[in-house]
Amino acid sequence: MVIVMDFSSKHLWIFDVDNTLIKDVEHPEPFPDALALWNALMKKGRTLALLTNTGRLSARQIHGAVASAGFDVTVKNTFSAGAAAAAYVHNRFPGARCFVISEGGATEDFIARGLDVTNNPPIDYVAVGADRGLTFQRLNFATKMVHQGAPLLCISGSRDYPGVYLGHEDIYIGEGSIVAAIEHATGVKAIAVRKPLPEIVIETVKTLGFKINDAVIVGDNPASDIAGGKAAGIATILVRRNPDDIIPFDADGMDMAPDLEVDSLQEVIEML
Ligand SMILES: [Mg+2]
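Read in order, the letters of the sequence shown are residues 63 to 334 in the numbering used here.
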């Protein structure tokens, strides 16, 4: 007998953003099936939240992109990789002095968490997000601080990603590649703060005031959304999207089998 999970009883629905709700944050075109499921859940009075691995934009900026695509969501319920990294540091060292490589998004998330973002030693944590304006001087300083003992955080971990910068549409090297340079130079291994790290999924559920067994995550990526959701102990739904738009992540032998797999999120509406 196949036991089908009862999704209709779940009160917190956490959605991945890129390639699940919208194409990506720089091209915020909604997927119609996602918008239909979102509105059906809203009608039922469910709590809806976003959890994205995007680290180059702040939670506020990601919220703006998703809201512009027609999804009714609050900034408070928007969790970026930068916000997750800030929570990770805050939980270990409130008010830590952090050197942050970012285009501004992660910096905003760190300041919002009450961390001390600074360019001067002593540095307690080095956190690295994508930064298309990164200078040698900042990369070298980050390396020095890690050499001197500051833990190295990788905010998300894309090797590269499509985007628009100073008006140019291109593929850009991501934070994973910048972190690889610092790891190579120091011999220190970075902590990757992103899905599938279960801690950030659990943190999101707790921050919103729900229990683990009352939450669902919906995403397109087995190695990030599903592996992270399963390891956190929440229900998981995989939506099959364009495979070329699935960003590769290292799930390192984690369980990537979703509780439900669908071609369209319309199928989930029928289960509510
Ligand atoms: Mg995605």
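Cβ atoms here follow ideal geometry from the backbone N, Cα and C, with glycine treated the same way.
Collapsing the DSSP output to three states places Pro305 in a helix. With 6 Å as the limit between CB and the heavy atoms of ligand 1, the residues that fall short of it are Asp78, Asp80, Asn81, Thr82, Gly281, Asp282 and Asn283. When the beta-carbon positions are compared, Ala158 and Gly191 stay at least 7 Å from each other. Within the same chain, and ignoring the five residues on either side of Gly281 in sequence, the residues whose Cβ sits closer than 6 Å to its Cβ are Asp78, Thr82 and Asp287.
Distance between Thr114 and Ala146, taken at the CA atoms: about 9 Å. For the 7 Å CB-CB criterion, Thr298 and Asp321 form a contact. Only residues of its own chain outside the window of five on either side were considered, and among them Val137 have a CB closer than 6 Å to the CB of Arg122, listed in chain order.
Contact check for Gly195 against Gly219 fails: the beta carbons are separated by 7 Å or more.
A Cβ-Cβ separation of about 6 Å places His73 in contact with Arg108 under the 8 Å criterion. Leaving aside the five residues that flank Glu323 on each side, the residues in its chain whose CB is nearer than 6 Å to its CB run, in chain order, Leu300.
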